[in-house]
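Residue numbering for the sequence shown is 957 to 1167, as defined by this note's numbering. Ideal Cβ placement from N, Cα and C applies to all residues, glycine included. Here's the structure we're looking at; comments come further down.
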Amino acid sequence: METRVAKIIISHAGKELREVELDKDKMILGRKPHNDIVIAHSAVSGEHAAFSYSQNDVFVEDLGSTNGTFLNGRKVSKALLEDHDVVVIGKSEIEFLAGPRVAPALPSIDLAPSTRPAPTHGPVMGAIEVRSGANAGKVLQLVKPVTTLGRAGVQVIAITRQEDAYFFTHVDGHMPPLLNGRATGKTAQRLTHGDAIDLAGASMVFTLVAP
């Protein structure tokens, strides 16, 4: 089982200051010395923001700071981080570097849905196989009642599990994602084995496998 080794690199005025491993479930960044990550600058609030894990994802969350927290130039209250995202806090630029996460204790599946037929009987489990983008090659098994994917403020979908059925809903972002090449509305649509999803610049495939 791999350990989590996501990191942030803190820079000021274009000069790299230090690298910090996100080795706790939640790490607080702020000006005061009791924080996990200290940036001693007047533009940084006492407890300014938090970096936290949720399952295999890392989020940045503003803690009610005076000057705000910005992700890739956009002010955020809480947002999912992707590899090489840049968070600006005060005068500091913080680059997020994703690393391996704890591998899920679930059976692995292959990356060839086009050659693997859907199960014809018995219980099934849904999965998302990422084909392009920063997370290409990753497989996300849909074990939770609701799984959200995408980037807040850009495109976000929710995949809802109801027994052996999975439903796709566009929940955030002005531009609709594509399902099998067609723009989707806000109405939930049932997913079938092999459905193609284009979301926030990444191509994905929905598959059904026997657990």
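Query, Result
"Residue range of the beta strand (DSSP E) that includes residue 961", "First-last for residue 961: undefined, no H or E at that position."
"Member of 1050, 1166, 984 and 1156 whose CA lies at the smallest distance from the CA of residue 1149", "1166"
"C-beta contact flag for residue 1164 and residue 1082 at 7 Å", "yes"
"Cβ-Cβ distance between residue 1115 and residue 1098 below 7 Å", "yes"
"Enclosing beta strand (DSSP E) for residue 1050 [first to last residue]", "1048 to 1053"
"Residue 979 versus 1007, 966 and 990, residue with shortest Cα-Cα distance", "1007"
"Environment of residue 1046 [buried if 16+ CB atoms lie within 10 Å]", "buried"
"Presumed contact (8 Å Cβ cut-off) between residue 1090 and residue 1049, rounded CB distance", "Between residue 1049 and residue 1090 the Cβ distance is about 19 Å, and since that is not below 8 Å, they are no contact."
"Rounded C-alpha distance that separates residue 963 from residue 1102", "28 Å"
"Alpha-carbon to alpha-carbon, residue 1044 and residue 976", "15 Å"
"For residue 1156 and residue 1107, believed in contact at Cβ under 8 Å, the rounded distance", "5 Å"
"Distance CB(residue 996)-CB(residue 1025) smaller than 7 Å", "no"
"Among 985, 998 and 1117, nearest to residue 1015 - alpha-carbon criterion", "985"
"Chain-order list of residues whose beta-carbon lies under 8 Å from that of residue 1053 (same chain, five-residue window excluded)", "962, 963, 964, 965, 1039 and 1040"
"Residue 987 classed as buried or exposed, judged by whether at least 16 other C-beta atoms fall within 10 angstroms", "buried"
"As assigned by DSSP and simplified to three states, the class of residue 1143", "coil"
"Spatial distance of residue 1095 from residue 1027 (CA atoms)", "26 Å"
"The beta strand (DSSP E) enclosing residue 1013, as first and last residue numbers", "1013 to 1018"
"Minimum C-alpha distance to residue 938 - residue among 1161, 1051, 1010 and 1002", "Here the chain has residues from 957 to 1167 only, and residue 938 is not among them."
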